[in-house]
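One structure below.
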Amino acid sequence: MRDTPPDRRSFLKSSAALAAGAALPAWFVERLRAAPEPARPTSPNDRPGVALIGCGGRGMSIIKEAARFGDVVAVCDVDADHAGQAGKAFDGAKVHKDFRTLLERNDVQVVLNATPDHWHTLINLAAVRAGKDVYGEKPLTLTIDEGKRLVAAVKEAKSCLLYTSDAADDLT
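The numbering of the sequence shown is numbering that gives the first Met the number 0, which starts it at 0 and goes up by one.
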């Protein structure tokens, strides 16, 4: 028990949180309750489930490298031919048309984002918020504000966001 009454700041924070929770639509609350905890490897020796979003030339190149360290369980591309070819290249990888359905999978721990530049921020944010670790290439975001939002999301989700530049750019 507390000896002193709560101060105004604590009262306002508690009241605001309660009001925000009460204002959430019922479907959103149910979805949060039903959302299972993402499956994580139970041991450092387990291979993580890896998913590729963006199955073009660069995406296929990085997924081949990542396949040495994890199991490719899902691929996604808006181009059905690219997605189909990637699915065939990695037997057992489920093909998705929409990246959001891929992010709902419990067997995906790592997402490789090989989409065009203007999609990087949206997909990185969605993946981090879904509890996935993300590999992305430059530009990670297009604006400073997007970068700040992504950093905040990574800190909140306690996810890992690995960013790299192209090797050819490092040489110039």
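Note that beta-carbon positions come from the ideal geometry of N, C-alpha and C, so glycine has one too. This structure is a prediction, so every number in the text was calculated from the model and none was measured.
Report the partner residues of residue i according to the DSSP bridge assignment.
{"i": "His117", "result": "Answer by DSSP bridge pairing: none, since His117 is not bridged."}
{"i": "Asn112", "result": "Ile52 and Gly135"}
{"i": "Cys75", "result": "Ile52 and His95"}
{"i": "Asp70", "result": "Gly48"}
{"i": "Leu161", "result": "Tyr134"}
Could you check which residue in the options has the C-alpha nearest to that of residue i?
{"i": "Pro115", "options": "Gln108, Ala126 and Gly135", "result": "Gly135"}
{"i": "Gly91", "options": "His117, Ala66, Arg99 and Asp45", "result": "Ala66"}
{"i": "Asp45", "options": "Gly56, Leu102, Ala151 and Asp106", "result": "Asp106"}
{"i": "Gly130", "options": "Ala79, Gly146, Lys87 and Val109", "result": "Val109"}
{"i": "Tyr178", "options": "Glu155, Asp132, Thr142 and Ala156", "result": "Outside the shown range of the chain, which is 0 to 171, sits residue 178, and nothing can be said about it."}
{"i": "His119", "options": "Lys93, Gly146, Val94 and Ala151", "result": "Gly146"}
{"i": "Arg99", "options": "Asp80, Val127, Ala88 and Ala79", "result": "Val127"}
{"i": "His117", "options": "Glu103, Leu101 and Lys137", "result": "Lys137"}
{"i": "Asp78", "options": "Ser60, Thr140, Glu64 and Gly56", "result": "Gly56"}
{"i": "Gln84", "options": "Arg104, Thr142 and Ser60", "result": "Ser60"}
Once the 5 residues before and after residue i are set aside, which same chain residues still bring their CB inside 7 Å of it?
{"i": "Asp144", "result": "none"}
{"i": "Ala156", "result": "Val127, Arg128 and Gly130"}
{"i": "Pro47", "result": "Pro40, Gly69, Gln108 and Val109"}
{"i": "Thr142", "result": "none"}
Could you name the residues of the same chain whose beta carbon sits closer than 6 Å to that of residue i, not counting the 5 residues immediately before and after it, in chain order?
{"i": "Leu51", "result": "Gly58, Ile62, Val74 and Leu111"}
{"i": "Ser158", "result": "Val127 and Asp132"}
{"i": "Leu101", "result": "Ala50, Ala73, Cys75 and His95"}
{"i": "Ala160", "result": "In the sequence as displayed, the identity of residue 160 is Leu instead of Ala. Same-chain partners within the cutoff: Val133 and Val153."}
{"i": "Gly86", "result": "Val74, Ala92 and Val94"}
Following the continuous alpha helix (DSSP H) through residue i, name the residue where it begins and the one where it ends.
{"i": "Leu149", "result": "Ile143 to Ala156"}
Whose C-beta lies closer than 8 Å to the C-beta of residue i among residues of the same chain, with five residues either side of it excluded?
{"i": "Leu170", "result": "Any reading at Leu170 is ruled out, since the residue's pLDDT is 38, under 50, leaving its predicted position unreliable."}
{"i": "Leu124", "result": "Arg148, Leu149 and Ala152"}
{"i": "Ala82", "result": "Cys54, Val74, Cys75, Asp76, Val94, His95 and Lys96"}
{"i": "Val72", "result": "Gly48, Val49, Ala50, Gly91, Ala92, Lys93, Arg104, Asp106 and Val107"}
{"i": "Leu121", "result": "none"}
Identify the continuous beta strand (DSSP E) that holds residue i and give its terminal residues.
{"i": "Thr140", "result": "Note, Thr140: premise wrong, no beta strand (DSSP E); not H, not E."}
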